[in-house]
Amino acid sequence: MSRETEAVSREAPRAPVSAAAAGVPVYDSERRRAQWIEEAANLWQYRGLVHELVIRDIKVRYKRSVLGVLWTMLAPLLNMVALTLVFSVLFKQAIQNYPVYFMAGSIFWAFFAQTTSTAAQQTLGSNEMAKRMYVPRSAFIASALGGGLVNLVLSLVPLIVILIVTGFPLHATWAFLPVSVFIVALFTAGVSLILFTVASRFADIKEMYLVIVQTWFFLTPIVYHPSIVPPKYRFALWANPMYYFVQTFRAPIYDGVIPGAGLVLGSFALAVAVLVTGWVFFCHRRDDMAYWS
Amino acid sequence: MPAAIRLEKVTLRYRIPRERIGSLKEYAIRRLKRQVAYDDFEALHAIDLSVSAGERVGLIGRNGAGKSTLFRVISRVLPPAEGRVYVAGRIAPILELGLGFHGELTGRENVMLQGALLGFSRAETRRRLDRIVEWAELQDFIDAPIRTFSTGMAARLAFAVATDVDPDILLVDEALSVGDEKFQRKCHERMEGLVARGKTFMLVSHSPSQIRDNCERVLWLHHGRIVLDGPAEAVADAYHQWSLGETDAVGSGL
Numbered sequence: 376m377s378r379e380t381e382a383v384s385r386e387a388p389r390a391p392v393s394a395a396a397a398g399v400p401v402y403d404s405e406r407r408r409a410q411w412i413e414e415a416a417n418l419w420q421y422r423g424l425v426h427e428l429v430i431r432d433i434k435v436r437y438k439r440s441v442l443g444v445l446w447t448m449l450a451p452l453l454n455m456v457a458l459t460l461v462f463s464v465l466f467k468q469a470i471q472n473y474p475v476y477f478m479a480g481s482i483f484w485a486f487f488a489q490t491t492s493t494a495a496q497q498t499l500g501s502n503e504m505a506k507r508m509y510v511p512r513s514a515f516i517a518s519a520l521g522g523g524l525v526n527l528v529l530s531l532v533p534l535i536v537i538l539i540v541t542g543f544p545l546h547a548t549w550a551f552l553p554v555s556v557f558i559v560a561l562f563t564a565g566v567s568l569i570l571f572t573v574a575s576r577f578a579d580i581k582e583m584y585l586v587i588v589q590t591w592f593f594l595t596p597i598v599y600h601p602s603i604v605p606p607k608y609r610f611a612l613w614a615n616p617m618y619y620f621v622q623t624f625r626a627p628i629y630d631g632v633i634p635g636a637g638l639v640l641g642s643f644a645l646a647v648a649v650l651v652t653g654w655v656f657f658c659h660r661r662d663d664m665a666y667w668s
Numbered sequence: 004m005p006a007a008i009r010l011e012k013v014t015l016r017y018r019i020p021r022e023r024i025g026s027l028k029e030y031a032i033r034r035l036k037r038q039v040a041y042d043d044f045e046a047l048h049a050i051d052l053s054v055s056a057g058e059r060v061g062l063i064g065r066n067g068a069g070k071s072t073l074f075r076v077i078s079r080v081l082p083p084a085e086g087r088v089y090v091a092g093r094i095a096p097i098l099e100l101g102l103g104f105h106g107e108l109t110g111r112e113n114v115m116l117q118g119a120l121l122g123f124s125r126a127e128t129r130r131r132l133d134r135i136v137e138w139a140e141l142q143d144f145i146d147a148p149i150r151t152f153s154t155g156m157a158a159r160l161a162f163a164v165a166t167d168v169d170p171d172i173l174l175v176d177e178a179l180s181v182g183d184e185k186f187q188r189k190c191h192e193r194m195e196g197l198v199a200r201g202k203t204f205m206l207v208s209h210s211p212s213q214i215r216d217n218c219e220r221v222l223w224l225h226h227g228r229i230v231l232d233g234p235a236e237a238v239a240d241a242y243h244q245w246s247l248g249e250t251d252a253v254g255s256g257l
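So the protein lines, in turn, are chains A and B. For the first sequence, the numbering used here assigns the number 376 to the initial residue and increments by one for each residue that follows. For the second sequence, the numbering used here assigns the number 4 to the initial residue and increments by one for each residue that follows.
Below, the structure written as structure tokens:
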């Protein structure tokens with residue numbers, strides 16, 4: 376602290392309001408705003424921590440590996456090759472340029488699955504930390520989301536490689552992708568908040584969720600085309616939020632079209648609703664988390 | 004002097020389930036059978052406390068008296084069940100050094116992370132990095148992974164980060180011993196320097212002599228209540244006498 380600010384703090388008046396005005400952080404357990412506003416303000420204040428946590432996770436993941444960050448790009452590529460073989464040869468699926476179709480959906484799914492499972496898996500470590508020093512717990516969820524976004528961007532590289540190799544056009548409609556990613560990120564954040572809260576209370580949620588996310592993957596048209604679903608089971612698609620999100624992401628890449636306004640606005644409204652629900656639920660339970668673990 | 008810390012009728016309860024129910028499956032079954040029972044344990048009971056800026060306050064008491072819980076309430080980790088907590092100023096928790104350190108990251112990367120955990124912006128931590136490293140005397144090792152550090156080296160780095168940030172309030176746990184004797188002295192000097200500049204200082208300890216040396220005012224906590232609050236000498240002596248009696252009582256009971 377400089378000499379000037381020190382002088383201010385020495386003469387800091389008694390009233391809490393003046394202390395805050397002098398730039399001294401004040402914690403008053405009674406003078407609190409609504410929890411969901413307070414947590415948002417704290418998350419913003421700790422945005423540097425979110426940044427550091429994302430960097431930490433990326434660095435730690437690749438610290439001891441030879442290929443390093445290349446793994447992020449190789450993994451979906453190898454995955455895609457294996458699944459392409461299985462699905463296009465064995466099932467003789469009639470999807471043109473199956474590798475591009477599958478990979479577009481698959482990197483999209485990987486973002487959702489990885490972010491939400493990370494949020495659930497890291498509850499133990501995050502709560503352990505937040506029990507010892509003040510850190511807004513939402514920073515850990517935000518960092519899971521940040522890590523997922525970084526991986527999503529990196530896995531666009533192998534997708535582009537596949538486009539080039541298979542001679543598939545790179546449509547101008549790719550420019551729409553940030554909107555699709557933004558929408559699904561809102562939804563993913565909402566699901567992560569709910570998962571983190573529940574997994575903080577019940578340890579078995581983590582294992583349960585891995586099974587759920589695996590099943591969910593096969594219920595979403597990623598390895599197959601929605602048209603192969605018999606009409607009497609179509610309701611399962613319509614009831615699945617990921618069905619809409621994957622379309623907004625895949626259409627610009629695979630079909631070269633910008634998804635319709637109805638689909639985009641509907642997806643957006645749904646994503647916002649889930650995020651708001653998740654945020655309110657998380658903030659409502661936030662103070663209990665210190666006592667749960 | 005303005006109050007740096009003020010607690011008004013602060014009560015804190017831990018809700019302890021009679022049996023530990025950690026899984027949703029178990030919870031659902033027991034809920035259906037109406038077997039979810041809790042005990043409320045009052046870790047702090049209607050604590051009233053006011054600490055002025057620049058005071059050096061010691062907390063003394065037996066294990067489980069509520070000393071650490073009181074620290075956690077002040078550092079806003081635990082929200083109180085009842086009452087009001089008011090804290091003006093930035094807190095440096097020197098309780099568990101190296102919390103949040105990651106073994107695979109280098110010293111430098113860990114300083115950045117630690118700074119962020121304390122709520123500082125990246126630019127701020129980066130600006131302070133050289134000074135932190137220099138003070139911790141770790142210039143030669145700072146780019147090696149922390150897992151190659153000795154415990155003392157890691158603790159030195161953590162202490163340097165926590166105190167370099169120029170906190171207004173220091174919460175210190177006695178159990179802490181940072182590195183070798185020379186370094187302990189250096190830590191001590193730094194803390195004294197902060198106190199001399201009007202920073203508030205709170206120390207948790209079991210040792211009456213340590214409390215006497217470092218504090219002017221002492222709170223004696225017992226079963227979540229402040230039983231005595233006064234000049235260090237008097238309270239430390241009273242506690243010492245009492246704990247001798249306790250030991251005798253326990254000894255004669257055996």
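The beta-carbon is built from N, C-alpha and C at its ideal position, and this holds for glycine as well.
{"Item": "Any C-beta of chain B under 8 Å from that of A/Ile580", "Value": "yes"}
{"Item": "B/Ile8 - DSSP class collapsed to helix/strand/coil", "Value": "strand"}
{"Item": "B/Gln142 to B/Val136 span [Cα, whole Å]", "Value": "6 Å"}
{"Item": "Integer-rounded CB distance, given that A/Gly423 should sit under 8 Å from B/Ala119", "Value": "5 Å"}
{"Item": "Short CB-CB distance (under 8 Å) between A/His659 and chain B", "Value": "no"}
{"Item": "The region 642-655 of chain A / the region 557-569 of chain A touching (three or more Cβ pairs under 8 Å)", "Value": "yes"}
{"Item": "Buried/exposed call for B/Asp183, threshold 16 Cβ in 10 Å", "Value": "exposed"}
{"Item": "Contact set between A/Glu405 and chain B, taken where Cβ atoms lie within less than 9 Å", "Value": "Glu11, Gly86, Arg87, Val88, Tyr89"}
{"Item": "Under 7 Å by beta carbon: chain B residues contacting A/Gly423", "Value": "Ala119, Phe123, Ser124, Arg125"}
{"Item": "Three-pair Cβ contact test at 8 Å for the region 527-544 of chain A versus the region 610-617 of chain A", "Value": "no"}
{"Item": "Continuous alpha helix (DSSP H) assignments of at least 4 residues falling wholly in the region 193-250 of chain B", "Value": "211-217"}
{"Item": "Pairwise C-alpha distance: A/Pro544 and A/Leu538", "Value": "7 Å"}
{"Item": "Alpha-carbon to alpha-carbon, B/Arg150 and A/Val554", "Value": "42 Å"}
{"Item": "Bounding residues of the alpha helix (DSSP H) (the contiguous stretch that carries A/Tyr618)", "Value": "616-625"}
{"Item": "Minimum length 4: unbroken alpha helix (DSSP H) runs contained in the region 77-137 of chain B", "Value": "110-120"}
{"Item": "Three-pair Cβ contact test at 8 Å for the region 473-482 of chain A versus the region 440-460 of chain A", "Value": "yes"}
{"Item": "Cβ-Cβ distance between B/Ala95 and B/Leu160 below 8 Å", "Value": "no"}
{"Item": "Short CB-CB distance (under 8 Å) between A/Met664 and chain B", "Value": "no"}
{"Item": "C-alpha gap between A/Met664 and A/Ser575, whole angstroms", "Value": "7 Å"}
{"Item": "Option in B/His191, B/Ser53, B/Tyr30, B/Phe74 with minimal Cα separation from B/Glu11", "Value": "B/Ser53"}
{"Item": "Between the CA atoms of B/Ala235 and A/Gly565 - distance to the nearest angstrom", "Value": "52 Å"}
{"Item": "Pair within 8 Å by beta-carbon distance, B/Asn113 and B/Phe123", "Value": "no"}
{"Item": "is_contact[B/Tyr17, chain A] using C-beta, thresh 8 Å", "Value": "yes"}
{"Item": "DSSP bridge partner residues for B/Thr14 (one or two, in chain order)", "Value": "B/Glu85"}
{"Item": "A/Ile580: first and last residue of the uninterrupted alpha helix (DSSP H) it sits in", "Value": "580-594"}
{"Item": "The ligand SAM heavy atom lying under 7 Å from the CB of B/Ala46", "Value": "Looking at this structure, you won't find the ligand SAM or any other ligand, since it has none at all."}
{"Item": "Separation of A/Val525 from A/Ile401, as counted between CA atoms", "Value": "The sequence given here places Val at residue 401 of chain A; Ile does not occur at that position. Roughly 35 Å separates the two Cα atoms."}
{"Item": "8 Å Cβ shell around A/Gly521 - same chain, five flanking residues per side excluded", "Value": "Val425, His426, Leu428, Val429"}
{"Item": "Beta-bridge pairing of B/Asp42 - partner residues as DSSP gives them", "Value": "B/Ile19"}
{"Item": "7 Å Cβ shell around B/Lys70 - same chain, five flanking residues per side excluded", "Value": "Leu62, Gly64, Val207, Leu224"}
{"Item": "Rounded C-alpha distance that separates B/Ala91 from B/Ala199", "Value": "18 Å"}
{"Item": "Limits of the unbroken beta strand (DSSP E) element including A/Asp662", "Value": "Segment 636-667 is the alpha helix (DSSP H) holding A/Asp662; no beta strand (DSSP E) there."}
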